[in-house]
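Mapping of the sequence shown onto this note's numbering: position 57 corresponds to residue 57, and the numbering continues sequentially without gaps.
For every residue, glycine included, the Cβ atom is placed at its ideal position computed from N, Cα and C.
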Amino acid sequence: MKALLATVVLLSSLVQGGTYDLLWKPKAGQKLTYALRVEGKTDANFTMTSDVILSVKKVEPNGDYTLGTTFKGMVANFFGEEQKMPDEPEEVQRFNVRGDLIDPEKPGEDDGDVVGELMSRASEYVPPLKSVAVGESWKHEFAAEKKWDLPKAIGTYSLVSESDGKLKVSIDYVEQSGVEPTRAKGFAIIDAKDGALILVESEIKNLRFQEGTPSGTAKLSMTRK
């Protein structure tokens with residue numbers, strides 16, 4: 001009996017001591033399609049849905065990769081009126097092994113919109129560079145962006161659990177200044193096999209839609225098809 005108990009304790013300690021590499025390991029030619037949905041609430045409600053297609057163009061020996069991103073079938077609903085948006089051309093960018101953008105934006109490139117940039121930052125899952133165990137946390141500092149008038153923010157992430165080859169990571173994003181700092185809480189589900197994103201959900205508060213209007217909230221989800 002003592003031997004059996006000792007074996008159980010040993011196995012338990014081995015499981016608890018296991019670590020996971022959460023970095024995505026893309027392969028050239030790989031294509032991932034996600035269903036994106038955003039629900040916003042301010043002085044008026046709106047929704048936006050779209051497919052997001054990620055195409056891996058190249059993977060370098062050091063883990064850096066070139067990725068094409070395409071938004072297709074985008075539908076927006078403002079004030080109860082549905083509007084189908086034209087498909088956007090593929091955007092090709094280079095990222096390092098952690099998913100940070102390598103190539104700086106070129107002068108004259110489309111600035112996009114501050115709301116989209118803020119929602120992207122607030123809901124972003126940033127993996128750790130080293131393997132972590134369930135219960136471990138790590139942080140990522142988002143630099144202030146003068147172009148977007150966005151202050152510095154801190155993202156705190158924790159590996160919550162592992163089940164059936166899927167890893168759940170909590171997301172907690174907080175701006176570090178401002179009268180009403182934007183905050184977000186959510187989670188990501190990661191494929192333990194290759195670190196690919198399966199699902200991310202985030203609820204964002206104090207979201208600034210445009211100057212002179214009340215801040216609002218938004219819920220964002222992106223699910224792999």
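Judged by their CB atoms, A192 and L167 are nearer to each other than the 8 Å cut-off. Looking only at V115, A133, F142, the smallest Cα-Cα distance to V126 is reached by F142. Under the three-state reduction of DSSP, G186 is assigned to strand. Scanning its chain for C-beta atoms nearer than 6 Å, with the 5 sequence neighbours on each side dropped, one finds around L36 the residues S50, V52, M222, in chain order.
Residue burial annotation: P26 is buried, with at least 16 other C-beta atoms found within 10 angstroms of its C-beta.
A218 is a Cβ neighbour of I204, given a cutoff of 8 Å. By alpha-carbon distance to E81, the top candidate from F46, K139, E91 is F46. By the Cβ-count criterion, F79 is exposed, with fewer than 16 other Cβ atoms from all chains shown falling within 10 Å of its own Cβ. DSSP lists M48, Q83 as the bridge partner or partners of A76.
Judged by DSSP in its simplified three-state form, A153 adopts strand. Distance from the CA atom of W138 to the CA atom of D87, rounded to whole angstroms, is 36 Å. One alpha carbon belongs to I102, the other to Q93, and they sit about 8 Å apart. DSSP places R121 inside the alpha helix (DSSP H), whose first and last residues are 114-123. Contact between G195 and D21 is confirmed by a C-beta separation of about 7 Å, below the 8 Å threshold.
In chain order, P26, A28, Y65 place their CB closer than 6 Å to the CB of V59, counting only its own chain and leaving out the 5 sequence neighbours on each side. In the three-state DSSP reduction, K147 falls in the coil class, being neither helix nor strand. Here DSSP, grouped into helix, strand and coil, assigns E141 to strand. The beta carbons of I154 and V174 sit closer together than 8 Å.
Assigned with DSSP and collapsed to three states, D21 falls in coil, not helix or strand. Here S177 really is in contact with P151; their C-beta atoms are around 4 Å apart, less than 8 Å. Close CB contacts of A144 within its chain, under the 7 Å cut and outside five residues either way in sequence, are with L150, P151, K152 (chain order).
With a beta-carbon spacing of about 7 Å, G68 and E91 fall inside the 8 Å limit used to define contacts.
Cβ-Cβ distances below 7 Å link L23 to V97, R98, P127, G195 in the same chain, with the five nearest sequence neighbours on each side left out; the list follows chain order.
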